[in-house]
């Protein structure tokens, strides 16, 4: 789900080759085709192909907005197509895939996947409404409100990844699968702040290790794809408390609202240094008297 393409811009710019201008929208249409085809393969009993197609839709969704900005090809039509594509790719398609693959024999299966699909649509509607709200501080653009739709779809696919990797078990039981779908749905419509990936800046000294990690992720995508999906889900969920903490700190310091993330981190370190330490007394310069044990320093009870 991309933010910038939804901003109001002229429908026709009249600059540059037409072929390049329709490239972002073409990628969005391909994402829609991938999501709908995932439903077809799920109905044909090939859930692994359906998972791969939903992952492809998520990748295309993450690229179309960036390509639009690079080519200066943002348009209102492209923004509307992108929003509708998210509803199909990350709402309808994952719900049908999970229902056909895991929940079709469970009485509550259809109810929970309906809940998930509705929550995705509500989440997208709120996302679009927040984009048009010019009164919000600049720092709010760095956070999603609730889990983004692509992350919700991948989280939902974690159920299928666990079954394909480990077979049947408690993770495929009715109570767990329904609880997982409901929890994912609630995260989508929650008010929990979750940091946007493009708002995360990497320090220069961590660039090389990050590239090495990306190489490992690329290898795992081919060798252990289902394990990789589960690891990504756990990692993403573990970052939520840090996003909440970061958002609360920025909200409490209005003087940093207009700062870039790097400048804000520097200001946060400076504020932390200027505050008195909360460590034990030893760190504040309070030392035990030398040569005396703690037992001698205690008050003795008066004799009877």
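Numbering (UniProt numbering), first residue to last: 1 to 304.
Here a beta-carbon is modelled for each residue, glycine too, at the ideal position from N, C-alpha and C.
Ranked by Cα distance from residue 232, the first of 20, 117 and 153 is 153. Annotation: residue 147 is outside any alpha helix (DSSP H) and is labelled neither H nor E by DSSP. Residue 254 places its beta carbon 9 Å or farther from that of residue 150. 161 is the residue among 127, 27 and 161 whose C-alpha sits nearest the C-alpha of residue 50.
A straight-line Cα-Cα distance of about 21 Å links residue 172 and residue 55. Going by C-alpha positions, residue 264 is about 10 Å away from residue 270. Boundaries of the beta strand (DSSP E) around residue 193: 193 to 195. In the same chain as residue 67, and ignoring 5 residues on each side of it, the C-beta atoms closer than 7 Å to its own belong to 23, 24 and 27, in chain order.
If only complete runs of 4 or more residues are kept, the stretch 21 to 93 shows the alpha helix (DSSP H) at 23 to 43, 47 to 70 and 76 to 87, in order along the chain. Look at residue 152 here: in three-state DSSP terms it is helix. In the three-state reduction of the DSSP assignment, residue 165 falls in the helix class, which pools H, G and I. One Cα belongs to residue 243, the other to residue 105, and the distance between them is close to 38 Å. For residue 113, the closest of 124, 126, 123 and 93 by C-alpha to C-alpha distance is 93.
Taken through DSSP and simplified to helix, strand or coil, residue 173 comes out as coil. Contact annotation: residue 191 and residue 121 have beta-carbon atoms that are not nearer than 9 Å.
Under the three-state reduction of DSSP, residue 135 is assigned to coil, being neither helix nor strand.
Assignment of residue 105 by DSSP, reduced to helix, strand and coil, places it in the coil class. Of 98, 87, 101 and 139, the smallest CA-CA separation from residue 125 is found for 87. In this structure, the alpha-carbon of residue 187 lies about 6 Å from that of residue 147. Counting only the Cα atoms, residue 250 lies some 23 Å from residue 128. Separation of the CB atoms of residue 143 and residue 193 is rounded to 4 Å, and the pair is thereby assigned contact status at 8 Å. Under the criterion of beta carbons closer than 8 Å, residue 53 and residue 37 qualify as touching, at roughly 5 Å. In this chain, residue 275 is not harboured by any alpha helix (DSSP H), its DSSP state being neither H nor E.
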